[in-house]
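At position 142 of the sequence shown (counting the first as 1) the number is 142 in UniProt numbering, and the numbers step up by one without a gap.
Ideal placement from N, C-alpha and C gives every residue a C-beta, glycine not left out.
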Amino acid sequence: ISCTDILLSGTNTSGIYTIYPRFYNSSFPVFCDMDTDGGGWTVIQRRINGSIKFFRPWKDYKEGFGDLEGEFWLGLDSIHALTRSFGSTLLRIQVESFEGQWHIAQYDGFKVANESENYRMTTGRFTYGSNVPDSFSYHDGANFSTFDRDNDGDEDVNCGKKSRGGWWYKGGMPGKNKCGLSNPNGLYHLGAYEGEENGIYWYFWRSDYLYSFRKVVMMVRP
Numbered sequence: 001i002s003c004t005d006i007l008l009s010g011t012n013t014s015g016i017y018t019i020y021p022r023f024y025n026s027s028f029p030v031f032c033d034m035d036t037d038g039g040g041w042t043v044i045q046r047r048i049n050g051s052i053k054f055f056r057p058w059k060d061y062k063e064g065f066g067d068l069e070g071e072f073w074l075g076l077d078s079i080h081a082l083t084r085s086f087g088s089t090l091l092r093i094q095v096e097s098f099e100g101q102w103h104i105a106q107y108d109g110f111k112v113a114n115e116s117e118n119y120r121m122t123t124g125r126f127t128y129g130s131n132v133p134d135s136f137s138y139h140d141g142a143n144f145s146t147f148d149r150d151n152d153g154d155e156d157v158n159c160g161k162k163s164r165g166g167w168w169y170k171g172g173m174p175g176k177n178k179c180g181l182s183n184p185n186g187l188y189h190l191g192a193y194e195g196e197e198n199g200i201y202w203y204f205w206r207s208d209y210l211y212s213f214r215k216v217v218m219m220v221r222p
């Protein structure tokens, strides 16, 4: 049972529901978005106000943290279970600036492997980008990294520590920032900031690592 199944059963109110993914031996609560683009989405990440700390260890990203009604990360085990149960997964990432502008990016075929494979991620095919270039496909094939589990593929940098978050960082980029083009789980700065590139950036929107966005929501459905 997924958020999509719940929607198809006639329940069209966004909120917290218990789901039972196929091939998974337990259930867990999720926030189902029944309003966006036809509904049936399972929200896997939400940043809205900086109330929850996202600079956390591997264990927290594995299990999930935060408040399903507010800011949270669903958990890598749960995200893996969802993408496995869906077969083919559509990922939608919504980013909002402090000026109130929205950007939407969608990827068809998003997958996350299990922990034994360091939650290696497949972005899938970039299918929609609302006039902003893609900042996620660069991370295709990356393993998940946190400050205490460095899987970014670059011996010269610990991207989880440098970028102050957990993400599918992909080391080896030229220039000052060596960790990728997106950082939805970075530090919650209030727009433009200075210093280390560790905010919530989506590089190709502004071609700027030193602008941190106000809101990010990631959601999936079959």
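Item checked: Residue from Ile200, Val220, Thr13, Pro222 whose Cα sits closest to the Cα of Phe54 -> Ile200
Original post:
Do three or more CB pairs link the region 10-25 to the region 75-87 at distances below 8 Å?
Top reply: yes
Suppose contacts are defined by Cβ-Cβ distances below 8 Å. Is Ser97 in contact with Phe213 by that definition?
yes
- Query: Within this structure, are the beta carbons of Gly166 and Arg47 separated by less than 8 Å?
  - Reply: no
Practice prompt. Measure the CB-CB distance between Tyr209 and Glu197 and report whether it falls below 8 Å.
Written response: yes
If distances are taken between C-alpha atoms only, which option among Gly172, Val30, Asn49 comes closest to Trp41?
Val30
**Q.** Distance between Tyr17 and Gln45 (C-alpha atoms, nearest Å)
**A.** 16 Å
Exercise for the section: Would you check if the region 121-129 and the region 7-14 touch, i.e. whether three or more CB-CB distances between them fall below 8 Å? Expected result: no
*Is DSSP giving Tyr203 helix, strand or coil here?*
helix
- Message: For a minimum of 3 consecutive residues, which ranges assigned as the beta strand (DSSP E) are wholly contained in the region 24-88?
- Response: 28-33, 41-47
key: Bridge partner(s) assigned by DSSP for Gly108   = For the record, residue 108 in the displayed sequence is Asp; it is not Gly. DSSP, once it has assigned bridges, lists Leu90, Arg125 as partnering Asp108.
Notebook entry, point to check: Using DSSP with H/G/I as helix, E/B as strand and the rest coil, what is Glu96?
Noted result: strand
Closest by C-alpha distance to Asp150, when choosing among Tyr138, Ser137, Cys179, Val132: Cys179
query: Of the residues Lys215, Ser207, Ser182, which one's Cα is nearest the Cα of Leu190?
result: Lys215
Next item on the list: Can you say whether Asn185 is buried or exposed, counting buried as having 16 or more other CB atoms within 10 angstroms of its CB?
Entry: buried
> Ordered along the chain, which non-local residues of its own chain (more than five positions away) have a Cβ less than 6 Å from that of Asp152?
Replying inline: Ser145, Cys159, Tyr169, Gly171
### Message
Three Cβ pairs or more, each shorter than 8 Å: is that satisfied between the region 99-116 and the region 65-72?
### Response
no
Practice item. Using DSSP bridges, identify the partner residues of Ser9. Key: In DSSP, Ser9 forms no bridge with anything.
Practice problem: Counting only runs of 3+ residues fully inside the region 124-156, write out the beta strand (DSSP E) ranges in chain order. | Solution: 125-128
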